[in-house]
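Working notes for the structure below.
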Ligand code: GUN
Ligand code: ZN
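In my numbering, the protein residues as written are 739 to 1168.
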């Protein structure tokens, strides 16, 4: 019989979306979760599950919170080593820091080193799945998929395509972007827990021909995700307008080339026009909120409340290394702060849902990851709600689970991550 493991603690999961139902009612608290064969076998009372699974090994986590591992819906793993680079806004930041670093991924050994470092760092922060941009180099895609495969991890990634407005050595062509993306997709998509995302970086670094070629590839493989950037900074939007004079708006540069669809992931999406919001909702595309990046690069305040109210699908992301942290806890805190600046206080249940089920649904993986229920994949994080003296003294006077969790959301980091399980195996133990 395959090994069964029971984890006991405060097991947090969601029956519904806390944006559609009262947050406290959307969430549920149990006492134990059973893992077997890489999946969740059951969630329930400690006594009931001990009786139902008498041969299981029991790991008691006391008052720690056990929940689905964090899902980071938009990252650039190649930017790991240049995170927290000072003083620039988007286009200058790309040219000054990002492109020189991404150039180094021409060396497959460097790509392998950073891929491993990135997956180690993010696991330590409780992140079990991410959707990553790579660089233009196919070896950068091989590196992250090989590292994820070795860890048994569910990862989405794709070759970043750019055929203009990028330096020598960091440009492909419309044809090579199509050919390389197709070859990588065939090599990796659907292998183990890996999936490929077609990845035009953003409209300014692709010619219309390249967008068209990638749109054609997506129409041949509509089950793949397509990830890109949309309306992050006002200077960027002005640039897009001058590069695509006949486009109705930024989204139209994608739409006109077959790059708008339900499996599309649009990072940032801050300064949207009414037509763009309507079209994104009509097709059921996913928007990805990157709050630490949006404050760090000075991009603007994402309209979480308004976009949720109109029925958009939204995930949460670090946007490493435009984002200033690998931590989805820190990212939830930034989402809370941006909500406050817009006059909406996001409930802790909403923040935790965004970082797990919300992002999983944005990736079209909501039935596999991002929640704890029988049949879901066994990716879990165990959170210590008293990980530092400052957090502990606040959590001690909490009246309920949400008040106990909120200091960890606002002040926590990798020290709050007591244990991480990936695919039913313990990947991190503090
Ligand atoms: N827009 C195009 N490329 C990037 C990137 O690497 N990071 C961010 N934050 N925005 C982008
Ligand atoms: Zn990005």
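Here a beta-carbon is modelled for each residue, glycine too, at the ideal position from N, C-alpha and C.
Query: Residue 1005 beta carbon near the ligand ZN (any heavy atom closer than 7 Å); Result: yes
Query: Local conformation of residue 906 per DSSP, three classes; Result: coil
Query: Cross-strand partners of residue 805 (DSSP beta bridge); Result: 1119
Query: Rounded straight-line distance, which links the Cα of residue 1142 to that of residue 1132; Result: 8 Å
Query: Buried versus exposed call for residue 1079 [16 or more other C-beta atoms within 10 Å across all chains shown]; Result: exposed
Query: Local conformation of residue 982 per DSSP, three classes; Result: coil
Query: Stretch-stretch touch, CB-based, cutoff 8 Å, three pairs: the stretch 1050-1062 with the stretch 809-824; Result: yes
Query: Same chain, Cβ closer than 6 Å to residue 803, neighbours up to 5 away in sequence not counted; Result: 748, 750, 1121
Query: Whether residue 971 touches residue 832 by CB criterion (8 Å); Result: no
Query: Close-in-space but distant-in-sequence residues of the same chain around residue 940 (CB under 7 Å, 5 per side omitted); Result: 966, 967
Query: Selected residue, minimal CA-CA separation from residue 1026, among 1067, 1093, 986; Result: 1093
Query: In chain order, each alpha helix (DSSP H) run of at least 4 residues that lies wholly inside the stretch 754-797; Result: 761-764, 784-790
Query: Segment contact flag, the stretch 921-931 with the stretch 974-984, C-beta cutoff 8 Å, min 3 pairs; Result: no
Query: Residue 988 and residue 1020 closer than 8 Å at C-beta; Result: no
Query: Alpha carbon of residue 771 to alpha carbon of residue 1163, nearest angstrom; Result: 14 Å
Query: Exposed unless 16 or more other CB atoms sit within 10 angstroms - verdict on residue 1101; Result: buried
Query: Every unbroken beta strand (DSSP E) within the stretch 918-1001, with a cutoff of 3 residues, ordered by chain; Result: 932-938, 963-968
Query: Residue 854, DSSP secondary structure in three states; Result: helix
Query: Residue burial classification, residue 688 (beta-carbon count within 10 angstroms, cutoff 16); Result: This structure gives no information on residue 688, because the portion of the chain shown stretches from 739 to 1168.
Query: Residue 863 beta carbon near the ligand ZN (any heavy atom closer than 7 Å); Result: no
Query: Local Cβ density within 10 Å of residue 756, reported as buried at 16 or more and exposed below that; Result: buried
Query: Nearest candidate by alpha-carbon position, reference residue 715, set 752, 754, 776; Result: The question about residue 715 has no answer, for the chain in this structure spans 739 to 1168.
Query: First and last residue of the uninterrupted alpha helix (DSSP H) at residue 1035; Result: From DSSP, residue 1035 is part of no alpha helix (DSSP H); its letter is neither H nor E.
Query: Pair within 8 Å by beta-carbon distance, residue 969 and residue 1008; Result: yes
Query: Exposure label - residue 1159; buried when at least 16 CB within 10 Å; Result: buried
Query: Own chain partners of residue 943 with C-beta closer than 7 Å, once the 5 adjacent residues on each side are dropped; Result: 900, 902, 903, 904
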